[in-house]
Amino acid sequence: MNIIVCVKRVPETSEADIFIDRSEKDIDKSGLTFDLNEWDSYAIEEAISLKEKLGGTVTVISMGGEESNETLRKCLAMGADEAIRLNDPSFEGSDGYATAKVLAEAIRKIPYDLIITGAQAEDDSYGQVGVTLAELLKIPHAALVNRLEIKGKIVRVHRELEGGLEEVLEIDLPAVLTIQTGINEPRYVSIMGIRKVAKKEIKVLGRSDLNLKPEDVGILGSNIRLEKVFLPPSGEGATILEGKPEEVALRFLEILREKGGVS
Amino acid sequence: MEVIEQKIAERFDLYGCFQCGKCTGGCPVSLKSKLNIRRLMIEGILEKITENINEKKEIWDCTTCKTCTIRCPRGLKPMDLIIGIRSLLVEEGHIPKTIIEAMENAYKHGNPWGKPKGKRTEWLRLMPEGIRIKDFSQGDSAQYLYFIGCTASSDPRVQQVLKSLVICLQNLGIDFGILGSAELCCGNEIRRMGEKGLFEELMEANLKSFETYRIEHIFTACPHGFNTLKNEYPEGKFEILHTTQIIAKCIEEGKISLKKEFKKTLVYHDPCFLGKQNNIFDEPRLILDAIPGVILKEFDRSRQRSLCCEGGGGRMWVEASSEGQRLAEIRVKDAIELGVDIIVTACPFCLLTLEDAVKTTGNEEKICVMDLSELLAEVIQ
């Protein structure tokens, strides 16, 4: 079974202090650590588990600059067989649609039975690339998949809906599946594991290698134009209680009593 | 598979094992865990160790207290076998999720607790007014490097100990500086969780900083950091001391005389990484004895026989694989039976696990846990 996984390198922002950069269209990434997008780690783990069960190859693709090599190597160390990086100055500023166009052109060149992506990216959280990719390739898709099972030429998937409900679908392969977190437990990649794949080639393709014109990609090829990124305005009505934990706890109890939260 | 198994018995020098059982007999978790180091030794020899290796969840129960290795009458290293098995599991990647997080954090942030590099020195703002801590990475120089360690940098409770320690060191006139944000995890726990590659990277990076800033004398308050810097980093590059050694020396040399009284009954809990693993038993007791008013009691299981608190070997990031009383809770109950007011220790892991045990056993009114430096800071000024 030949599987393609699309991944993205994103900044880690959970414990970091975030500042808007000078252009006001992005955050200042200078002090941040980067890693494989969390949803994509579940996607790649799923692909590799499938390969271990059913045989075949896993190809991992990412649109990004040289820094993305680190992320692709992590995927190779997890068990992917091939890695392709798509990079071109004209790709800069691509929205989900433009990104999907670039990925689609790269993917058309390779045989595949299944394409797996993460449901969304940690940074912009649009959740569009996987679904758009399916439309461009004219194959069926399912998004927010939290369980999947290959049955010959069909994949049976569970999609996560709201309120704990799940939708079960059977989809003809080839198809695109976007993966929800929790579908599996992504394996750890050790330093030694990464060293083992350090010399593996990562194929790099630019726009001229793909069937794309300048107006297909980047800002020109996007349907969404990012105007501004800003921090939400500080509101009122929030009081920060300070002091020793015992004092804060007592004051908090007083407030709960005053406001009728506790009798 | 056969080739790997043969290497295990040879690699870990298992053939000398005659199955006496002193290892399992001394193992602090053996009563409640499926972990049986004696059995693992024979499985290694019989080339059976990789069978169902993924199901051996108990392999993560080991606290790397080293009692097994210390007790082995044939000089073998059962603990190294456990670490070796963990290495195999780490390479496969199917290890507990929380251990993955700790390792990835150590790789990305240089801190298994996950605090970003840029925030590693946030604790500086807790320091008392007027105290300025020298920072080698900012161009200062000093006689000693104080290797702070990840736990002190990240945990709010241990940051209080940092504050006390700084007060003590200032009063003792010790000239020290820190590495600031350039300091990375010492790698002790990382190595014991089986990630040798990551340990080597952390060690190389720290060694580079030591070289860059021409550091020759280091001390640390964390016995885990002390252990690896002393025994696993290359010899001859620097001298390493634990803070209790420095403080005890100052007291012995009469550099300070403590007049203020501290009228409490205490018991000192020997941390595994300081006590049984590195033979530092007397210095902490010397310090406590020098404080007027202190009544110092001893656990039955003290010094080499000290009961492991269950914090080491990655246990801060993974829960026990089976039910059974936490060793720290047993320790707290023993301390209460002894009739002491305070359990004193000299290790951040022991401090955190014992303090948690005081809370989970509902004994917050009866007893508290303090680091030795916190006690000293109260009487030293």
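Protein sequences, first through last, are from chains A and B.
Okay, so the first sequence: first residue is 1 according to the working numbering, each after it adds one.
Okay, so the second sequence: first residue is 264 according to the working numbering, each after it adds one.
Cβ coordinates follow ideal geometry from the N, Cα and C atoms, glycine included.
Just so it is clear, the structure is predicted and the values come from calculations on it, not from any experiment.
How many Å lie between leucine 50/A and glycine 79/A at the Cα? Along the first sequence, read from residue 1 onward, the residue named residue 50/A stands at position 50. Along the first sequence, read from residue 1 onward, the residue named residue 79/A stands at position 79. Distance between the alpha carbons of leucine 50/A and glycine 79/A is about 11 Å.
How would you list, in chain order, the residues of chain A whose beta-carbon sits under 9 Å from the beta-carbon of glycine 338/B? Along the second sequence, one-based indexing puts residue 338/B at 75. Chain A residues near glycine 338/B: none, gap ~28 Å exceeds 9 Å.
Drop a sphere of 10 angstroms on the beta-carbon of glycine 644/B, count the other beta-carbons inside from all chains shown, and report buried for 16 or more, exposed for fewer. Working through the second sequence from its first residue, we reach residue 644/B at position 381. First, the residue type needs correcting, since residue 644/B is glutamine and not glycine in the sequence shown. The residue is exposed, with fewer than 16 neighbouring Cβ atoms inside 10 Å.
Hey, out of Ser584/B, Ile312/B, Phe544/B and Cys610/B, whose CA is closest to glycine 574/B's CA? Taking the second sequence and counting its residues from 1, the one referred to as residue 574/B is at position 311. Checking every option, the nearest Cα to that of glycine 574/B belongs to Cys610/B.
Nearest-angstrom beta carbon gap, glycine 499/B and asparagine 451/B [assumed within contact, 8 Å]: Start at 1 with the first residue of the second sequence, and residue 451/B comes out as number 188. Start at 1 with the first residue of the second sequence, and residue 499/B comes out as number 236. Not a contact, Cβ separation roughly 20 Å.
In this structure, how does DSSP classify valine 217/A when only helix, strand and coil are distinguished? Counting from one through the first sequence, the residue named residue 217/A turns up at place 217. Coil.
Cutoff 7 Å; reference cysteine 448/B; Cβ partners in own chain excluding five residues on either side: Mapped onto the second sequence, residue 448/B falls at position 185. Hits under 7 Å: Ala369, Gly373, Asn374, Pro375, Cys413 and Leu465.
Alpha carbon to alpha carbon, what distance is there between tyrosine 112/A and valine 60/A? Translated into positions along the first sequence, residue 60/A becomes position 60. Translated into positions along the first sequence, residue 112/A becomes position 112. Rounded to the nearest angstrom, the two C-alpha atoms are 12 Å apart.
Do the region 337 to 355 of chain B and the region 428 to 440 of chain B touch if we need at least three Cβ pairs shorter than 8 Å? no
In chain order, what residues of the region 576 to 609 of chain B put their CB closer than 9 Å to some CB of chain A? none
Is it buried or exposed, phenylalanine 399/B, if we count other Cβ atoms within 10 angstroms and call 16 or more buried? Locating residue 399/B in the second sequence gives position 136, where the first residue counts as 1. Phenylalanine 399/B should be labelled buried.
Taking contact to mean 3 or more Cβ pairs, one atom from each stretch, closer than 8 Å, check whether the region 303 to 313 of chain B and the region 270 to 280 of chain B are in contact. yes
Go ahead and label leucine 230/A buried or exposed: buried means 16 or more other beta carbons lie within 10 angstroms of its beta carbon, across all protein chains shown. Walking along the first sequence from the start, residue 230/A turns up at place 230. The displayed chain sequence assigns phenylalanine, not leucine, to residue 230/A. Exposed, because fewer than 16 other Cβ atoms sit within 10 Å of the Cβ of phenylalanine 230/A.
Please report the straight-line C-alpha distance between leucine 559/B and threonine 287/B, rounded to a whole angstrom. Here residue 559/B is taken as the residue at index 296 of the second sequence, counted from 1. Here residue 287/B is taken as the residue at index 24 of the second sequence, counted from 1. One C-alpha to the other measures close to 31 Å.
Proximal chain B residues relative to threonine 117/A, where beta-carbon distance stays under 7 Å: Within the first sequence, numbered from 1, the residue matching residue 117/A stands at position 117. By Cβ distance, chain B contributes nothing, its closest Cβ being about 21 Å from threonine 117/A, past 7 Å.
Neighbourhood of methionine 264/B by C-beta distance below 7 Å, restricted to the same chain and skipping five residues each side: For the purposes of this step, residue 264/B is taken as residue 1 along the second sequence, with counting starting at 1. In this prediction, methionine 264/B has a pLDDT of 43, which is less than 50 and means its spatial position is unreliable; nothing more can be read from the coordinates.
Whole angstroms is fine: what's the gap from serine 190/A's alpha carbon to asparagine 2/A's? Mapped onto the first sequence, residue 190/A falls at position 190. Mapped onto the first sequence, residue 2/A falls at position 2. Roughly 25 Å separates the two Cα atoms.
Under three-state DSSP, which class holds alanine 249/A? Position 249 of the first sequence holds residue 249/A. Reduced to three states, the DSSP call for alanine 249/A is helix.
Which class does cysteine 631/B belong to by DSSP, given the choice of helix, strand or coil? Here residue 631/B refers to the residue found at position 368 when the second sequence is read from its first residue. In this structure, cysteine 631/B counts as strand in the three-state DSSP scheme.
Can you check which of these residues, Val197/A, Glu258/A, Gly96/A and Gly218/A, is closest to aspartate 81/A by C-alpha distance? Here residue 81/A refers to the residue found at position 81 of the first sequence. Closest option to aspartate 81/A, Cα to Cα, is Val197/A.
Helix, strand or coil for glutamate 265/B? Go by DSSP, reduced to three states. The sequence position of residue 265/B within the second sequence is 2, counting from 1. Because the pLDDT of glutamate 265/B is 47, which lies under 50, any placement of that residue in the model is unreliable, and the number read from its coordinates should be weighed accordingly. Helix.
Hey, how far is the Cα of lysine 8/A from the Cα of threonine 384/B? Start at 1 with the first residue of the first sequence, and residue 8/A comes out as number 8. Start at 1 with the first residue of the second sequence, and residue 384/B comes out as number 121. Taking the straight line joining both Cα atoms gives about 31 Å.
Please list, in chain order, the chain A residues whose beta carbon lies closer than 7 Å to that of methionine 366/B. Against the second sequence, residue 366/B aligns to sequence position 103. Going along chain A in sequence order, the residues near methionine 366/B (Cβ under 7 Å) are Tyr188.
Since proline 186/A and glutamate 45/A are thought to touch, with beta carbons under 8 Å apart, how far apart are those beta carbons, to the nearest angstrom? Along the first sequence, read from residue 1 onward, the residue named residue 186/A stands at position 186. Along the first sequence, read from residue 1 onward, the residue named residue 45/A stands at position 45. Going by Cβ atoms, the distance from proline 186/A to glutamate 45/A rounds to 4 Å, so yes, they are a contact pair.
In this structure, does DSSP put lysine 645/B in helix, strand or coil? Absent from the structure is residue 645/B, since the part of chain B shown begins at 264 and ends at 644.
At a cut-off of 7 Å, would you count tyrosine 42/A as near the ligand ATP, judging by its Cβ distance to the nearest heavy atom? This structure does not include the ligand ATP; it has no bound ligands of any sort.
Which residues of the region 447 to 474 of chain B have a Cβ closer than 9 Å to any Cβ of chain C? Give them in chain order. Reference to chain C is not applicable here, since the protein chains of this structure are A and B.
Taking the C-alpha atoms as reference points, what is the distance between phenylalanine 525/B and proline 359/B? For the purposes of this step, residue 525/B is identified with residue 262 of the second sequence, where counting begins at 1. For the purposes of this step, residue 359/B is identified with residue 96 of the second sequence, where counting begins at 1. Distance between the alpha carbons of phenylalanine 525/B and proline 359/B is about 44 Å.
Within this structure, are the beta carbons of leucine 408/B and leucine 442/B separated by less than 8 Å? By 1-based counting over the second sequence, the position of residue 408/B is 145. By 1-based counting over the second sequence, the position of residue 442/B is 179. Their beta carbons are under 8 Å apart, which means leucine 408/B touches leucine 442/B by this criterion.
What are the residues in the region 397 to 427 of chain B lying within 9 Å of chain A by C-beta distance? Residues: none.
What residues match up with threonine 608/B in a beta bridge as DSSP calls it? Working through the second sequence from its first residue, we reach residue 608/B at position 345. In DSSP, threonine 608/B forms a bridge with Asp634/B.
Opposing strand residues paired with threonine 57/A [DSSP bridges]: Taking the first sequence and counting its residues from 1, the one referred to as residue 57/A is at position 57. Asn2/A.
Determine, using beta carbons only, whether methionine 192/A comes closer than 8 Å to chain B. Numbered from 1 along the first sequence, position 192 holds the residue referred to as residue 192/A. It does; some Cβ of chain B falls within 8 Å.
Distance, cysteine 331/B Cα to lysine 285/B Cα: Here residue 285/B corresponds to residue number 22 of the second sequence, with the count starting at 1. Here residue 331/B corresponds to residue number 68 of the second sequence, with the count starting at 1. Taking the straight line joining both Cα atoms gives about 7 Å.
Delimiting residues of the alpha helix (DSSP H) encompassing lysine 153/A: Taking the first sequence and counting its residues from 1, the one referred to as residue 153/A is at position 153. Boundaries cannot be given for lysine 153/A, as no alpha helix (DSSP H) includes it and DSSP labels it neither H nor E.
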